[in-house]
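Scroll down for the structure; my scribbles are underneath it.
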Amino acid sequence: MELTKHVTQDDMTLYSGPGNIHSDLEVAKRTGLDATIAQGMMTLAYASELMTRVCGPEWLERGEIDVKFTKPVYAGDVVTARAEDRADHYAVTAVNQAGETLMVGEARLRD
Amino acid sequence: MGRWTDATLGETFGPIEFRMTEKLHRRYIDGVCNEVPEHADLIDPSVAGNFAIGLIGSRYPGPIVHSHQALRYYSPVRVGETIVGTGVLSLKEMRRDKAYVAVDCDFHRGDERVWWARMTCIWPEVHLRGET
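Right, here's the structure in full:
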């Protein structure tokens, strides 16, 4: 199962608030970045939403997810989160429109 | 962000109260265009990762490079409830010239644990200023 999100600067600013590397280009440049980048937690939130769709309300009671962020997400990116059933867990990934992996990890429901 | 050399293993953060207001809920739901019906009045528990950043940021403010995130959910939290977060610095080490720290966080509603989070990040000051 997968879901796709179009990331906008407005989304990034709403999610992370003003005056930081996620919403303010000048702050991002002072930190050595060329552009604002989306907060990693946005990508994880996509995966958590996907797992809620896969598992239903149980996800909110006994869900577990463990991920590594591998590449930044920028405004204008199209992010696809995927959850593949591997019997005892779900392999969770997120990729951008170029097929680059943004996040990789595992999710499961505790017994 | 504060100095890498100031952080110590076992260092604690919080307790900090997080009030789950409708405004905060909408920020984290609308910011990712989440239309799952469960979130009409239940908080998206992935916000525990954001609150973990808030806990370490309460003493070491500034940008971080978020590296890994683990989350465990135990009980749904409704809009309008208040939870209390605490954290402990569980990792501080150099890996391939990068300075990593992790903070393990518990979030409680009264005596009941609702979420757990381990937030691992790279301390940017070590890169930007060469501090070790």
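Chains D and S, in that order, give the protein sequences. Here our numbering is used: position 91 in the first sequence is 78, and no number is missing along the way. Here our numbering is used: position 93 in the second sequence is 951, and no number is missing along the way. All C-beta atoms in this analysis are idealised placements derived from N, C-alpha and C, irrespective of residue type, glycine included. As the structure is a prediction and not an experimental result, all values here were calculated from the model.
Three-way DSSP call (helix, strand, coil) for residue i in this model
i: residue 980 (chain S); result: strand
i: residue 81 (chain D); result: strand
i: residue 874 (chain S); result: strand
i: residue 869 (chain S); result: coil
i: residue 901 (chain S); result: coil
i: residue 948 (chain S); result: strand
i: residue 6 (chain D); result: coil
i: residue 937 (chain S); result: coil
i: residue 847 (chain S); result: Examination of residue 847 (chain S) is not possible in this model, given that chain S is present from 859 through 990 alone.
i: residue 87 (chain D); result: coil
i: residue 36 (chain D); result: helix
i: residue 17 (chain D); result: helix
Per DSSP, the bridge partner or partners of residue i
i: residue 52 (chain D); result: D:94 and S:929
i: residue 956 (chain S); result: S:953
i: residue -11 (chain D); result: D:69
i: residue 943 (chain S); result: S:874 and S:965
i: residue 924 (chain S); result: S:979
i: residue 46 (chain D); result: Paired residue(s): none; residue 46 (chain D) is not in a bridge.
i: residue 862 (chain S); result: Residue 862 (chain S) is not bridged to any residue.
Presumed contact (8 Å Cβ cut-off) between residue i and residue j, rounded CB distance
i: residue 64 (chain D); j: residue 84 (chain D); result: 6 Å
i: residue 55 (chain D); j: residue 92 (chain D); result: 6 Å
i: residue 70 (chain D); j: residue 892 (chain S); result: Not quite, the Cβ-Cβ distance comes to about 15 Å (not below 8 Å), so this is no contact.
i: residue 945 (chain S); j: residue 963 (chain S); result: 4 Å
i: residue 934 (chain S); j: residue 47 (chain D); result: 4 Å
Below-8 Å beta-carbon distance, residue i vs any chain D residue
i: residue 896 (chain S); result: yes
i: residue 986 (chain S); result: Bear in mind that the predicted position of residue 986 (chain S) carries a pLDDT of just 44, short of 50, making it unreliable; the figure below should be weighed with that in mind. Residue 986 (chain S) counts as touching chain D.
i: residue 949 (chain S); result: no
Interface flag, residue i vs chain S, CB-CB below 8 Å
i: residue -11 (chain D); result: no
i: residue 28 (chain D); result: yes
i: residue 18 (chain D); result: yes
i: residue 7 (chain D); result: yes
i: residue 1 (chain D); result: yes
i: residue -2 (chain D); result: yes
Proximal residues of chain A, C-beta to C-beta of residue i below 9 Å
i: residue 964 (chain S); result: Among the chains of the structure shown, chain A does not appear; the protein chains present are D and S.
Exercise. Quick one, which residues of the stretch 920 to 932 of chain S are near chain D if we go by CB-CB under 8 Å, in chain order?
Worked result: 921, 924, 925, 926, 927, 928, 929, 930, 931 and 932
Exercise. Any residues in the stretch 31 to 44 of chain D with a beta carbon nearer than 7 Å to a beta carbon of chain S? Which ones, in chain order?
Worked result: 31, 32, 33, 35, 36, 39, 40 and 44
Exercise. Looking at chain D, which residues of the stretch 861 to 891 of chain S have a Cβ within less than 8 Å of any of its Cβ atoms?
Worked result: 885, 886, 888, 889, 890 and 891
Problem set entry | Chain-ordered residues of the stretch 900 to 911 of chain S with a beta carbon less than 7 Å from chain D | 900, 902, 903, 904, 907 and 908
Exercise. Taking any Cβ of chain S, which residues in the stretch 48 to 72 of chain D have a Cβ under 9 Å from it, in chain order?
Worked result: 48, 49, 50, 51, 52, 53, 54, 55 and 56
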